[in-house]
Structures are given as C-alpha cells and as structure tokens.
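> This is the structure, below, for whatever I ask next.
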Amino acid sequence: MPCSLWPPVNKEEYKGVWVYLEREGSRLKDVGLELLGKARDLAQKLGGAEVGGVIVAGTEEMAREAVYHGADKVVIIDNPDLKVYTPAEYAEAIAKVVGKYKPEIFLIGATKRGRELAAYIANTLTTGITADCTALEIDPKTCDLLQIRPTFGGTQLATIRTPQRRPQMASVRPGVFPKPPRDTSRTGQIIVEKVEIAKRRTRLVSIEKRLEKDVADLPPVESADVVIAGGRGLGSVEGFKLLIDLAKLLGGTVGASLMAVRAGWAPHTRQIGQTGKTIRPKLYIAVGISGAIQHLMGIMETKTIIAINPDPHAPIMENADYAVVGDYKQILPLLIEEIKRLKS
Ligand SMILES: Cc1cc2nc3c(=O)[nH]c(=O)nc-3n(C[C@H](O)[C@H](O)[C@H](O)COP(=O)(O)OP(=O)(O)OC[C@H]3O[C@@H](n4cnc5c(N)ncnc54)[C@H](O)[C@@H]3O)c2cc1C
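Written out as structure tokens, the structure reads:
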C-alpha cells in the first residue's frame, strides 16, 4: 500500500550500492570495509551495479583503501567545518552526496556514530532504515533489499523491505560480514566534493570532549571507593565541574545517570545503572539524580549513599542513608569549602 506521507519515488533513478566509510584517526574503520565486501555481493546480484563509498573529511589514501576493498567510486566530502565530528552537520553533508549520486542501497556501520548518523540521514532523505541487520539479500523477483534482523528478543528473524522509497538503508554492526581481501590491483574513481552545510554547530561534542578531558585523570567508576554522580538535575555541564572538584578532594571519581549522558554532559563510560556500569563504592553521592530503578540497579552494593535533591520524595531519597534536601548549587560549594577547611 503506498505511503501517503512519503509518496513512492521513481526507482529507475537510483542505481548502485553505496557505503558510508567512517574514519578513525587517519584510517578507515573496518566496519566500512566489511560493508564494501557485502555491497559488492549485493551489486553482483543486482546485475553488476556500481559500488560506491562516502568519506567525510577523508584523504585520497583512505579512498584508495576503499577501492582496494571493493569500491568502484569514492566520494570524499571536503569542507573545513567537518574536520571534527558533529552529527547534524555530518548527516547533512552525507545526505547531500547520497541525494546527488542516488544509490539504490546505502549501508552504514552500526557504530555509536553510525547509528546516530543513520537516523539523521534516513530522516533527511525521507526513507526507511533498518538497524542492526545480520543479513542482507536481494529479492530475486522485485530486486528490493531484504533487510534481515533479529526480533522478539532474538527468538525470530524479521525481513524488512523499503519497497516505495530510495535509497534502501540498513545499518550493520562491526564484525557481521567478513572484510574482503585487500586487492591493490583494483582501480576506481576518487571524487572530491565540496559540500556546503548550514552554519549551525551543535555544542554537544565539544562539551563532551571538554568533560572527557577533565575526567581523564580520575579513576573509572567501577574501581573507585568514592563516586560522585550527576543527573539531569545538574541542569548543565557546568554542574559537573563542582562534582569533579569534590571527587578530587575525596580521592574519588565522577559518574552520571543516563539522562546526564544523553544530554552530552558526561561520556557513556561514566554511566551507572542497568545499561551502564555496576559499581560497589564505599561512598556514593547522587546529585540531581531521581533514583529510577534502572539507575538504582547499578548502585545496589554501595555501602553508604548520600543524595542531594530538592524533592524529598524522589526515589533516591528513600534509598539514601543520608538525604540532603536542597539545591546542589548551594549545597556542594558549602560541602567543598568544609572539606577543604577540615583538610587544612
Ligand atoms: C531500558 C532502560 C535502561 C535504562 N538504563 C539506565 C541506566 O543504566 N542508568 C540510568 O541512570 N538510567 C537508566 N535508564 C533511565 C532511567 O529510567 C531514568 O530515566 C534516568 O535514570 C533518570 O535520570 P536522572 O535521574 O538524571 O533524571 P530525572 O529523572 O529527570 O531526575 C532529575 C532529578 O534532579 C533533581 N533536581 C532538579 N534540580 C536540582 C537541583 N538544583 N539540585 C539537585 N537536584 C535537582 C530533580 O528533583 C530530579 O529528582 C534506563 C531506562 C530504561 C527504560
């Protein structure tokens, strides 16, 4: 049945199987090369279609590596604003190139960044995306991409199609497909595209990087005796500065709730809870954290919990040994001063 929001596209305009090639420093990540191998397999099943690759702010050497691993054509997106990764800008640039070259299939490695980009790009191109595919096939009747992935907790496999829209997009985790052999006799076309993007830089990455630098000297949350963790109640990344000061004074480290990680205030390596780290510190200070069950699951074995929160009914307060009702911006500076005084 045709989709009323996104009407069918003219499929004849779309040709080839393309791959986003993520960089890691001065080289390409293996997952992109693995996908080039799969792209070649799909292209053959499509009657010898072209295999393409897209690299943002890459080098000719990287593009040549992609050719050696199966690409016929590689587009390097050239824009000085894209030297540092930011999701919206990268997605906009990639979507522009994909929109120009019109591949019928576009594959992305399901890395942390790949997942983020895939959603942005699919949304920009108004097409579908199937995440974490474990197999990709071509339907011999319709030539549609069969996007196969586990479902219902891994008990069944679902086959998903994008029959009306192009490109057909899928993400695949690293290691699912083998990396094709490196063949230095292969040749391909390398194109440098100067792609303009809107001037709106997100602050998320630079903030996360700043904090990552700040916490780099502190021990990991799993091994520290004292963990000071911040949540959404901190209101901004600046709140974490106070947490870092306190952690340093107490010889501890800093952690975060999922919401603080999502806000970009703390790196994922610092997340505590069901989908983060499980910790067993002697002292845990929860600042601006409500104490959702998924968070509490990560601190069950803590000896002493102190919670700082203006809401006396927040679940963390019931689970704390010491519940301090109030605004952390007033309480933490006083606590830091007092500890400094006692230490001197
Ligand atoms: C499958 C699944 C897995 C999950 N895994 C995790 C996980 O691993 N870790 C995790 O943390 N969460 C996890 N969550 C999310 C969890 O359910 C909560 O949404 C999350 O823990 C809430 O984060 P928070 O406490 O920082 O934010 P909120 O729930 O928004 O709480 C903010 C708190 O800050 C307080 N506050 C406001 N202003 C101030 C102030 N000035 N000073 C002090 N306090 C203030 C508020 O009163 C409030 O209690 C998971 C959820 C799901 C569904």
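Residue numbers (the working numbering): 369 to 712. All C-beta atoms in this analysis are idealised placements derived from N, C-alpha and C, irrespective of residue type, glycine included.
Enumerate in chain order the residues of its own chain whose CB-to-CB distance from MET369 is below 8 Å, with the five nearest sequence positions on each side excluded.
Counting from one through the sequence shown, the residue named residue 369 turns up at place 1. Reliability of the predicted coordinates at MET369 is poor, the pLDDT of 43 falling under 50, and the value obtained from them is presented with this limitation in mind. The answer is none, since no qualifying residue turns up.
> My guess is that THR646 and GLY666 are in contact by the Cβ rule of under 8 Å, so how many angstroms apart are they, rounded?
By one-based count along the sequence shown, residue 646 stands at place 278. By one-based count along the sequence shown, residue 666 stands at place 298. Confirmed, about 5 Å.
> Please write down, chain order preserved, every residue whose beta carbon lies under 5 Å from a heavy atom of ligand 1.
GLY599, ARG600, GLY601, SER625, LEU626, MET627, GLY641, GLN642, THR643, GLY644, GLY656, ILE657, SER658, ALA660, GLN662, HIS663, ASN677, ASP679, ALA682, ASP695 and TYR696
> Identify which residue in TYR388, GLU460 and HIS681 has its Cα closest to the Cα of THR479.
Residue numbering aside, residue 479 sits at position 111 when the sequence shown is read from its first letter. THR479 has its Cα closest to that of TYR388, out of TYR388, GLU460 and HIS681.
> Cα-Cα, which of VAL595, GLY416 and PRO683 is closest to ILE640?
Locating residue 640 in the sequence shown gives position 272, counting from the first residue. Closest option to ILE640, Cα to Cα, is VAL595.
> Can you tell which of LEU586, GLY632 and GLU590 has its C-alpha closest to the C-alpha of GLY607?
As a working note, residue 607 is residue 239 in the sequence shown. Among LEU586, GLY632 and GLU590, the Cα nearest to that of GLY607 is on GLY632.
> Distance, Cα to Cα, GLY601 vs LEU651?
Walking along the sequence shown from the start, residue 601 turns up at place 233. Walking along the sequence shown from the start, residue 651 turns up at place 283. Rounded to the nearest angstrom, the two C-alpha atoms are 20 Å apart.
> Cutting at 6 Å between CB atoms, please list the residues of its own chain near ALA691, excluding the five before and the five after it.
Translated into the one-based positions of the sequence shown, residue 691 becomes position 323. Closer than 6 Å at Cβ, skipping near neighbours: ALA675 and MET685.
> What are the start and end residues of the alpha helix (DSSP H) that includes THR492?
Residue 492 sits at position 124 when you count from the first residue of the sequence shown. Per DSSP, THR492 belongs to the alpha helix (DSSP H) from 480-492.
> Would you report the Cα separation of GLU457 and LEU450, rounded to the nearest angstrom?
Along the sequence shown, read from residue 1 onward, the residue named residue 457 stands at position 89. Along the sequence shown, read from residue 1 onward, the residue named residue 450 stands at position 82. Rounded to the nearest angstrom, the gap between the Cα atoms of GLU457 and LEU450 is 7 Å.
> Any idea if CYS371 is buried or exposed, counting beta-carbon neighbours within 10 angstroms, 16 or more meaning buried?
One-based indexing of the sequence shown puts residue 371 at position 3. Low confidence applies here, because CYS371 scores a pLDDT of 46, under 50, leaving its location unreliable; read the following figure in that light. Exposed, because fewer than 16 other Cβ atoms sit within 10 Å of the Cβ of CYS371.
> So, with DSSP's three-state summary, where would you put CYS371?
As a first step, residue 371 must be located in the sequence shown, where it is residue number 3. Only weak support is given to the placement of CYS371: the predicted model assigns it a pLDDT of 46, under 50, and the question is left unresolved by the model.
> Is the CB-CB distance between PRO649 and ASP593 below 7 Å?
On the sequence shown, position 281 is the one that residue 649 refers to. On the sequence shown, position 225 is the one that residue 593 refers to. Result yes, Cβ atoms of PRO649 and ASP593 sit closer than 7 Å.
> With H, G and I counted as helix, E and B as strand and the rest as coil, what does DSSP make of VAL629?
Here residue 629 is taken as the residue at index 261 of the sequence shown, counted from 1. DSSP places VAL629 within a helical segment (H, G or I) once states are collapsed to three.
> Evaluate contact between the stretch 615-631 and the stretch 551-567, counting only Cβ atoms and requiring at least three cross-stretch pairs below 8 Å.
Segments in contact, no.
> Specify, as a first and last residue, the run of the beta strand (DSSP E) that GLY601 falls within.
For the purposes of this step, residue 601 is taken as the residue at position 233 of the sequence shown. That residue, GLY601, is in no beta strand (DSSP E); it is neither H nor E in DSSP.
> Check GLN662 in the structure and name its three-state DSSP category.
What you label residue 662 is simply residue 294 of the sequence shown in a count that begins at 1. Note: GLN662 maps to helix in three-state DSSP.
> Restricting to Cα atoms, I'd like to know which of LEU513, SER553, ILE476 and THR643 is closest to ALA499.
Your numbering for residue 499 matches position 131 in the sequence shown. Minimum Cα distance to ALA499 is reached at ILE476.
> Can you give me the start and stop residues for the beta strand (DSSP E) that ASN677 sits inside?
In the sequence shown, the residue the question calls residue 677 occupies position 309. Counting along the chain, the beta strand (DSSP E) containing ASN677 begins and ends at 672-677.
> How about GLU472 and ASP440: do their beta carbons lie closer than 7 Å?
Sequence index remark: in the sequence shown, residue 472 carries index 104 (1-based). Sequence index remark: in the sequence shown, residue 440 carries index 72 (1-based). Taking 7 Å as the Cβ cut-off, GLU472 and ASP440 do not qualify as a contacting pair.
> Helix, strand or coil, according to DSSP, for GLN412 in the structure here?
Counted from its first residue, the sequence shown places residue 412 at position 44. If DSSP states are grouped into helix, strand and coil, GLN412 belongs with the helices.
> Can you give the Cα-Cα distance for PRO680 and VAL693, rounded to whole angstroms?
Taking the first residue of the sequence shown as position 1, residue 680 is located at position 312. Taking the first residue of the sequence shown as position 1, residue 693 is located at position 325. Distance between the alpha carbons of PRO680 and VAL693: 6 Å.
> Along the chain, where does the beta strand (DSSP E) that runs through MET430 open and close?
In the sequence shown, counting from the first residue as 1, residue 430 sits at position 62. Unbroken run through MET430 is the alpha helix (DSSP H), 428-436; no beta strand (DSSP E).
> Applying the criterion that 16 or more other CB atoms from any shown protein chain within 10 Å of the CB defines a buried residue, is PRO535 buried or exposed?
Your numbering for residue 535 matches position 167 in the sequence shown. Buried.
> Please confirm whether GLU505 and LEU514 have their CB atoms less than 7 Å apart.
Along the sequence shown, one-based indexing puts residue 505 at 137. Along the sequence shown, one-based indexing puts residue 514 at 146. Their beta carbons are under 7 Å apart, which means GLU505 touches LEU514 by this criterion.
> To the nearest angstrom, how far is the alpha carbon of GLN698 from that of LYS470?
Locating residue 698 in the sequence shown gives position 330, counting from the first residue. Locating residue 470 in the sequence shown gives position 102, counting from the first residue. Going from the Cα of GLN698 to the Cα of LYS470 covers about 56 Å.
> Roughly how many whole angstroms lie between the Cα atoms of GLY599 and SER625?
Along the sequence shown, one-based indexing puts residue 599 at 231. Along the sequence shown, one-based indexing puts residue 625 at 257. GLY599 and SER625: Cα-Cα distance of roughly 5 Å.
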